[in-house]
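Residue numbers (this note's numbering): -12 to 106.
Here a beta-carbon is modelled for each residue, glycine too, at the ideal position from N, C-alpha and C.
Structural data, given as structure tokens:
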């Protein structure tokens, strides 16, 4: 685990953003949108379900105990932010995380929270 004095390794694109944040306001805005998406319990629960693999709306509803209309509304929002994608097979829609980065952010945040409660 890195200490607070250890620099976090970043790729070249992020390094450029760190050096010139004013030149990268779009990327910063999109990152803020990501955190807004993660800021609700309902969406966070749904994303945790999807972190285990693709799932149908019915499975997400059953796993999260949220209503079907609410799940559908949140999925539309998350798709708009390009965090989840849908794969349609026949009449069934299977949702999944677009990439593993979101799962890593959520799991790191949960680990931080759990570890914080242990101390």
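If distances are taken between C-alpha atoms only, which option among 90, 76, 34 and 9 comes closest to residue 63? Taking the first residue of the chain shown as position 1, residue 63 is located at position 76. With distances taken between Cα atoms, residue 63 lies closest to 34.
Are there 16 or more other CB atoms within 10 angstroms of the CB of residue 24, so buried, or fewer, so exposed? Position 37 of the chain shown, counting from 1, holds the residue named residue 24. Residue environment analysis places residue 24 among the buried positions, since at least 16 neighbouring C-beta atoms fall within 10 angstroms of its C-beta.
Kindly indicate the opening and closing residues of the alpha helix (DSSP H) around residue 107. Nothing can be reported for residue 107: it is not among the residues displayed for the chain, which extend from -12 to 106.
DSSP three-state label for residue 74, please. Within the chain shown, numbered from 1, the residue matching residue 74 stands at position 87. Residue 74: strand per DSSP, three-state reduction.
First and last residue of the uninterrupted alpha helix (DSSP H) at residue 0: By 1-based counting over the chain shown, the position of residue 0 is 13. Unbroken alpha helix (DSSP H) run through residue 0: -1 to 6.
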